[in-house]
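Residue numbers for the sequence shown follow the UniProt record's numbering, so the first one is 1 and each next one is one higher. Here's the structure, in C-alpha cells; my notes come after.
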Amino acid sequence: MLRGQTVPWRAALHQTSRPLLRKPFIASCGHHVSFQSALTSARFSARSLATPRSFSSSAVHRKDKPPPEEERDDDEQEKDEDSRRSDKSIDRGTESRRKAVDAGKATGPASFMKRKDRSAGAQAQDQRSLEEEAKKDVNIADGKADSNQTPSPIPPNNSSTDSKPSAAGSGGSDGNDEGGKKGKKNAGDKALQTTAIPEVYPQIMAIPIAKRPLYPGFYKAITIRDPNVAAAIADMKKRGQPYVGAFLFKDDTADGDVIENLEDVYDTGVFAQVTASYPLRGEAGGITAILYPHRRIKISSLLPPNETKNDGTAVDEKDKDSERKGDVVASFEEKIPDNSPKDHYEPTSFLRKYPVSLVNVENLVEEPFDKKSKIIRAVINEIVNVCKEIATLNPLFRDQISAFYTDQFPGNLNDEPAKLADFAAAVSAGESQEMQEVLETMNIEERLSKALVVLKKELMNAQLQAKITKDVEEKIQKRQREYWLTEQLKGIKRELGTEDAREKLVEKFKQKAEKLALPEAVKKVFDEEINKLAHLEPAASEYNVTRNYLDWLTQIPWGQKSVENFGIQHAVSVLDEDHYGLKDVKDRILEFIAVGKLRGTVEGKILCLVGPPGVGKTSIGKSVARALNRQYYRFSVGGLTDVAEIKGHRRTYVGALPGRIIQALKKCQTENPLILIDEIDKIGRGHQGDPSSALLELLDPEQNSSFLDHYMDVPVDLSKVLFVCTANVTDTIPRPLLDRMELIELSGYVADEKMAIAQRYLAPAAKELSGLKDVDVTLQEEAVEELIKSYCRESGVRNLKKQIEKVYRKAAFKIVQDLGEDALPEEAALTDEGKAALEETKEHEPVDPSDPPLEPEKSTAENPRHALKVPENVHLSIGKDTLKDYVGPPAFTADRLYEKFPPGVTMGLAWTSMGGAALYVECILENSLKYHSRPGLEITGNLQNVMKESSHIAYSFAKSVMARDFSENLFFEKAKIHLHCPEGAVPKDGPSAGITMASALLSLALDHPLDPTVAMTGELTVTGKVLRIGGLREKTVAARRAGATKVIFPADNMADWLELPENIKEGIEGHPVSWYSEVFELLFGDLDRGAARTLWQKALSKPAQDKSERHGESDE
C-alpha cells in the first residue's frame, strides 16, 4: 500500500494521469520544471508497489473499507531502515520481503497489516475502521477529491538521502514522508498524491529503440508503427500501468517494435513511463509515445512474442473470473499459503494476448562513491566548463542547460554527479556505442569520464559548426556590402546623370545568362568575357568585339528544348496532308518517331533525301519538322566554297560572324531544331577551304555533341539536332560524307500520282493564287492528264505546277478582258487608304531629269484597292481540246515510235532525271550482203562510254549465238551493221541496254521482227548472264506509257518488282530472266529455225565467174 494514503492496491495501479496525457509533447517538455517543483512535496515510497509476491492472489469482492494501516513502533521502523540500507539488489530485497510475509510480518514500506492474534471483538472493531477509511480512499481514487488538485504523470523529484545507494536513476522516494508518520491527511492533501512509480517491476514489456539510448530524467519521443505494440500500450495506460523498458538496438540501421532476439539489443536499458501518446499521422494503428525514463534496468531473460510470458506461471482462474467482473481487490485478511509460490497476481498478465516482447528485468544499482573525491569534483568542474563553452556557441544548448539546472540542481552540483553525467550524455550527439557505454556504467567516476569524452566531441562539433557559420556569414556580409555599395553607386550616378551604359550592358548580359543553363566550360568563358567588358572603355576597339561575342553567347539556347510530339497518328495526318505518295519516306519518318516514342527522346540523326528535282525533298523536311513539333531552319550549300559559312570566322577578323549552324540555333531558340541542308551534292570547293570536309564534323553523330565553331570557340552540343540533307544524285557527294548519312531515295511520281497531286493540291492553290477562288473556272481531268502526258513528263511536279498556274493565269486574263474596264473603273477600285496614299504621291513636285532619282516612297496602306467581283453567270471550262490555247503546243509527242517493228528494232527502257523513258535500238545493214563483203559495226546516237561497251558486248554475244545455234548463217561474217539510238541530242549512258542491243542484232540477223508490246531492260555479259539494273519503277512507268504489255527484267530485280504499287503494274506482265537464253525464247519462240539456218545463203554464195576461175586454176 502507499505510504500516507490508504487506498486499495489495484486502485493505485489503475490511477491514470489523464490531464497531461491529452497535452502535446511540447507542453509536457516545456513545463517539466514547473511539474518538478509542484511535485516536490508529493514524495512516494519507491517500494510502495512491491513485487506481486508480497500479497495474496486470492480474489474477494471489494469491501466497503479496507483494513486501516496501523502505525508501527519506532523500533520496527528503524529495522526497516536498516534492512533497506543493507539491500544491494532488488532481487535480494524481494526475497527478504517474501520471507517476511511468510513469517507473519511486513518488512517493506508497502505497509501491510501485521497479522496478530486478536480477539473476535478487536477484529470486528478493526473491520469497521477499515470500512470507514476505504470509503474515503475510494472517493479519492475515483476523483471525488478536490478537482483543482489533478494528479500529474511527471514523476516526483528524488528525495532519497545521499548516504545510501539507490536504484540507478530512480526517481522515487524512500517512503519516509512525514505525512506517512504523522497520521492521516485531509482530502486536499490526498488529492495531491499521484500514482507512485513502482521500484520493483520484474516483468515488463520491452520496446527497442534505435541510434541513441534513453537516460533517466530526460524525455524522449518514439514512433511505434506496430499496431499490436500500440494496442498494448493503450491497454497499459487504461489499467494505470504505463511502464515499458527501452533498450537500444546494437545495429543503428535496425528497425522494429518487438525484440526477437536478445542479441539484437543491449541488455542495459531504462525503466520508462509512457506520459502521453498521439496517433501517428498517415499510418493506421501507429502512435507517437512520450517516454520519461526513471531508472536503469537490465534484461535477465526474454519471453518471445506469442509464448507464455512469465516462466510458466498463470493467474488463478478465480482471480481471472473476478478480474473480469471489475470490482475485485486483493484480500488483506487472507493468509498467503506458504506451499503455493505460483499463486500470485501478475500485473502484466493481460499482455499475453498481444504479440509483444516481455522481458524479466532487474534494477541496476549505482556503486557507492565519495562525494568529496577530488577526481569526481575535477571531472564535474570540467563538464561544467565544457557546457559553458558549448552554451556560448549554441543558444539552444544554453536553454537546455538553464532548464536542467533549474529543474534538477536547485542546490549544489556536486551532490548529484550521476544526473550531471546523464545530462552531458543526453544533450550530446555521439555514436550509439559511446552513448550506451555511459548508460551501462554504474561507477560514477567512470560514467563522468565517459560523459566528458562525449561532451568534448560535442564541443568540437559546436566549434566546427560555429566556424562554418562564421565563414558563411562573412561571405554573405561581404556580398551584401558589395551589393549595397553597388546600388548606392548606381543611385548616385543616376542622380548625377552620369549612369554608365556599360554597366547596363553588363547587367543585361548577366540577366540573360541567368535564364540559360550554361555548361561549366561556357560559364567560365562567359565570366571571363563579362569581366573583360566591365573593365574596357567603350572607345576601345576590343569593346565592340567582346560585346558582340557576349551577345551571340547569350543568344544561343543553352538547355532550351522544344517539347516534341511523338504521336504516330499526328505524324501520319501531317505527312499525308502535305504530300501524296512517297510511302518509303513516310515509313522511315514514322519509324524514327516510333523509336523516339519508346525511348522518350529522339537523338540527332542525319538523313539524306535523294531524288530528282520537284519530288518534294525540301518540302517534306518542313513537314517532318511540323510533325515532330520542332523548329525548322533551311540553308543551301549549293555552290558554297567558304568553310566559314559552316564553322564561322575567327573573332579577330573585322565583321566576323558565327557559322550558319550557330545562326540556326539563334533563330530557332531551341537546342533540337530540324536543320535542312539543301543541295548537298552541289557543294563546291575553293581557295577558302573545302566545305564538304567541314561538314564531316557537323554530320558525325559521334562528334557533333561538342561542335566547335571558330567564332564561338566553345563546344556546342548538336546531338539533339535532326539534320536532313537533300541531293539529286549521290555521285558528287564525297564518300566519307555520304557514309555518315542515311540515304532515303525518292523515285518520283508516276502519272496517277501526278493526277492526284494536281487535283488535291496544285489546282486549288493555283486557282486561289490567280484570284479565281470564287469564280466558276474548271480545269477538266482530261486536260490535266494531257498536261502530264504531253507537257510534264518529269518525275517531279514542279513543272506541272507551273503549267497549271499558267492555265489559270490565262483564264484570269480572259475573264477580265471579257468583262472590260467598265466592270471596275480605276477610280472606284481605290479604297480610302489607297486614295490617301495616292494624294500623298501627287503632292511631290516633278523633279529635274538631271537630278538623281529619288527613292520611291512606300505606301503603308495594307489594302489600297478593292477586288473585282466576277458575276456569277461567268463560266469557263478548260478541256483537252482547248488546252493548247493556254499552254501552247505539246512539248512531247507519243512515246511509241513504231506501231509495228521491222527486223532489227527493239524497245528498251531507260532511267533519266525526268523519270523513265522508252529507249529504241535500231539496227540496219549499211550495204547489201555479198560474198566479198566485210563485216563491221557502226554506233551512233550520242552514246557514252559505258553504253558503247555494252554495244560491243552485245555484238560479240550475238555473233556467238549465231555461231552456236545457226552455224550455217554467215550474216555477221559478211554484214556491216549500223546501230543507232534515236534522240541523239540526249546523251545516253548505262549498262542496262545490253539485252536490248543483242536482241536488235539477232532480230536483224535472223530477219525476224519482234513483238512491239515487249519492252526489256538488263545488263548483259559476254557469256549471256543478265545482271541487275536500277530504276525499275520509272522504267515500268515508261513501258506502260509507251503501250508495252510485257516487261523483261533481270531476276535479281524481282524484289523491286514486288514492291511496285499495283496501279503501276496494272496491265503489264513481268518476266524475270537470269540468262539471255530465256530472253531468246520469249522473243524468238515462233522462229523457224530451219529457215533461219539457210537464210542469206543465196546472197552470200560464191559467184559463177569466181567458181570458173578457181576451177581453171585447179586444172592447171
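Glycine residues also receive a C-beta, built at the ideal position from the N, C-alpha and C atoms.
Notebook entry, point to check: Among residues of its own chain, excluding the 5 on either side of residue 616, which ones have a beta-carbon nearer than 6 Å to its beta-carbon?
Noted result: The residue you call residue 616 lines up with position 616 of the sequence shown. Result list for residue 616: 579, in chain order.
Notebook entry, point to check: What number of angstroms, rounded off, separates the C-alpha of residue 286 from the C-alpha of residue 203?
Noted result: Sequence index remark: in the sequence shown, residue 286 carries index 286 (1-based). Sequence index remark: in the sequence shown, residue 203 carries index 203 (1-based). In a straight line, the C-alpha of residue 286 is about 24 Å away from that of residue 203.
Next item on the list: Within the same chain, show all residues whose beta-carbon is closer than 7 Å to that of residue 165, passing over the 5 residues directly before and after it, in chain order.
Entry: Reading the sequence shown from its first residue, position 165 is the one you call residue 165. For residue 165, the predicted model reports a pLDDT of 38, less than 50, meaning its position is unreliable and no value from the coordinates is stated.
Item checked: Cβ neighbour criterion (16 or more within 10 Å) applied to residue 645 -> Here the question's residue 645 lines up with position 645 in the sequence shown. With 16 or more Cβ atoms within 10 Å of its Cβ, residue 645 is classed as buried.
Checklist line | Pick from 459, 917, 626 that is closest to residue 1042, judged by C-alpha positions | finding: Residue numbering aside, residue 1042 sits at position 1042 when the sequence shown is read from its first letter. The candidate whose alpha carbon is nearest that of residue 1042 is 917.
Check: Thinking C-alpha only, which one of 912, 550, 444, 211 is nearest residue 511?
Finding: Residue 511 sits at position 511 when you count from the first residue of the sequence shown. Residue 511 has its Cα closest to that of 550, out of 912, 550, 444, 211.
Item checked: Cα-Cα separation between residue 559 and residue 516, rounded to whole angstroms -> In the sequence shown, residue 559 corresponds to position 559, counting from 1. In the sequence shown, residue 516 corresponds to position 516, counting from 1. Each residue's alpha carbon lies about 7 Å from the other.
Next item on the list: Could you pull out every residue in the same chain whose Cβ sits closer than 8 Å to the Cβ of residue 806, ignoring the five residues on either side in sequence?
Entry: One-based indexing of the sequence shown puts residue 806 at position 806. Only 886, 887 meet the Cβ criterion.
Next item on the list: Spell out the partners DSSP gives residue 361 in its beta bridges.
Entry: As a working mapping, residue 361 is identified with position 361 in the sequence shown. For residue 361, which the question treats as bridged, DSSP gives the partners 299.
Check: In or out: residue 710 buried (at least 16 other Cβ within 10 Å) or exposed?
Finding: Position 710 of the sequence shown holds residue 710. Looking at its Cβ environment, which holds 16 or more other Cβ atoms inside 10 Å, residue 710 is buried.
Checklist line | Any beta strand (DSSP E) of 3 or more consecutive residues that is wholly inside the region 871-946 | finding: 875-878, 905-912, 915-925, 936-940
Item checked: Residues of its chain near residue 718, where Cβ-Cβ distance is below 6 Å and the 5 sequence neighbours each way are ignored -> Residue numbering aside, residue 718 sits at position 718 when the sequence shown is read from its first letter. These residues qualify, in order along the chain: 704, 707.
Checklist line | Chain-order list of residues whose beta-carbon lies under 7 Å from that of residue 900 (same chain, five-residue window excluded) | finding: The residue you call residue 900 lines up with position 900 of the sequence shown. Counting only Cβ-Cβ distances below 7 Å, and skipping sequence neighbours, we find 1012.
Next item on the list: Within its chain, find whatever has a CB closer than 8 Å to the CB of residue 919; leave out the 5 residues flanking it on each side and keep chain order.
Entry: Along the sequence shown, one-based indexing puts residue 919 at 919. The residues are 907, 908, 909, 910, 981, 988, 993, 996.
Item checked: Rounded C-alpha distance that separates residue 1071 from residue 974 -> Here residue 1071 refers to the residue found at position 1071 when the sequence shown is read from its first residue. Here residue 974 refers to the residue found at position 974 when the sequence shown is read from its first residue. Looking at the two C-alpha atoms, the distance is approximately 34 Å.
Check: For residue 631, does the count of other Cβ atoms within 10 angstroms reach 16, so buried, or fall short, so exposed?
Finding: Here residue 631 refers to the residue found at position 631 when the sequence shown is read from its first residue. Counting Cβ neighbours within 10 Å, residue 631 comes out buried, since at least 16 surround it.
Margin query: Using the three-state DSSP reduction, which class does residue 601 fall into: helix, strand or coil?
Written below: Residue 601 sits at position 601 when you count from the first residue of the sequence shown. In the structure shown, residue 601 sits in coil (DSSP, three-state: anything other than H, G, I, E or B).
Notebook entry, point to check: The beta strand (DSSP E) with residue 1093 in it runs from where to where?
Noted result: Taking the sequence shown and counting its residues from 1, the one referred to as residue 1093 is at position 1093. Taken as a continuous stretch (DSSP letters only), residue 1093 belongs to no beta strand (DSSP E), being part of the alpha helix (DSSP H) at 1089-1093.
Check: Considering only C-alpha positions, which residue in the set 594, 1016, 621 is nearest to residue 991?
Finding: Along the sequence shown, one-based indexing puts residue 991 at 991. Answer by Cα proximity: 1016.
Check: Along the chain, where does the alpha helix (DSSP H) that runs through residue 573 open and close?
Finding: On the sequence shown, residue 573 is found 573 positions in, with the first residue counted as 1. Here the alpha helix (DSSP H) through residue 573 covers 568-578.
Check: Going by other Cβ atoms of all chains shown within 10 Å of its Cβ, with 16 needed for buried, is residue 786 buried or exposed?
Finding: By 1-based counting over the sequence shown, the position of residue 786 is 786. Counting Cβ neighbours within 10 Å, residue 786 comes out buried, since at least 16 surround it.
Next item on the list: State buried or exposed for residue 1098, treating a residue as buried only when at least 16 other CB atoms are found within 10 Å of its CB.
Entry: Start at 1 with the first residue of the sequence shown, and residue 1098 comes out as number 1098. When all chains shown are included, residue 1098 counts as exposed.
Check: Do three or more CB pairs link the region 223-242 to the region 267-274 at distances below 8 Å?
Finding: yes
Check: Would you report the Cα separation of residue 978 and residue 1095, rounded to the nearest angstrom?
Finding: Sequence index remark: in the sequence shown, residue 978 carries index 978 (1-based). Sequence index remark: in the sequence shown, residue 1095 carries index 1095 (1-based). Each residue's Cα considered, the two are about 20 Å apart.
Notebook entry, point to check: Just checking, does the region 1028-1035 make contact with the region 1080-1089 on the three C-beta pairs under 8 Å criterion?
Noted result: no
Note to self: Which residues does DSSP list as the beta-bridge partners of residue 978?
What the structure shows: Your numbering for residue 978 matches position 978 in the sequence shown. BP columns for residue 978 point to 924, 938.
Next item on the list: Report, in whole angstroms, the separation of the C-beta atoms of residue 724 and residue 674, which I expect to be a contact under 8 Å.
Entry: Walking along the sequence shown from the start, residue 724 turns up at place 724. Walking along the sequence shown from the start, residue 674 turns up at place 674. At roughly 6 Å, the Cβ-Cβ gap stays under 8 Å, so residue 724 and residue 674 are in contact.
Next item on the list: Measure the C-alpha to C-alpha separation of residue 793 and residue 926 and round it to an integer number of angstroms.
Entry: Locating residue 793 in the sequence shown gives position 793, counting from the first residue. Locating residue 926 in the sequence shown gives position 926, counting from the first residue. Approximately 35 Å between the Cα atoms of the pair.
Next item on the list: Tell me whether residue 577 is buried or exposed, calling it buried when 16 or more other Cβ atoms sit within 10 Å of its Cβ.
Entry: Locating residue 577 in the sequence shown gives position 577, where the first residue counts as 1. Result: exposed.
Checklist line | 6 Å Cβ shell around residue 597 - same chain, five flanking residues per side excluded | finding: As a position in the sequence shown, residue 597 is number 597, starting the count at 1. Closer than 6 Å at the Cβ level, and outside the excluded window around residue 597, lie 566.
Notebook entry, point to check: Residue ranges of each beta strand (DSSP E) run of no fewer than 3 residues wholly in the region 589-656, ordered along the chain?
Noted result: 606-610, 632-636
Note to self: I'd like the list of long-range same chain contacts for residue 1117, defined as Cβ closer than 8 Å, with 5 residues on each side in sequence excluded.
What the structure shows: Residue numbering for the chain in the displayed model covers 1 to 1116; residue 1117 lies beyond these limits and cannot be assessed.
Item checked: Close beta carbons around residue 769, own chain, < 8 Å, minus the five adjacent residues each side -> By one-based count along the sequence shown, residue 769 stands at place 769. 805, 808.
Check: Based on Cα-Cα distance, which residue from 255, 876, 758 lies nearest to residue 774?
Finding: The sequence position of residue 774 within the sequence shown is 774, counting from 1. Checking every option, the nearest Cα to that of residue 774 belongs to 876.
Next item on the list: Note down, one range per segment and in chain order, each beta strand (DSSP E) of at least 3 residues found wholly within the region 984-1036.
Entry: 1014-1016
Item checked: residue 1075 in three-state terms, based on DSSP -> The count along the sequence shown starts at 1 and reaches residue 1075 at position 1075. Correct three-state label for residue 1075: strand.
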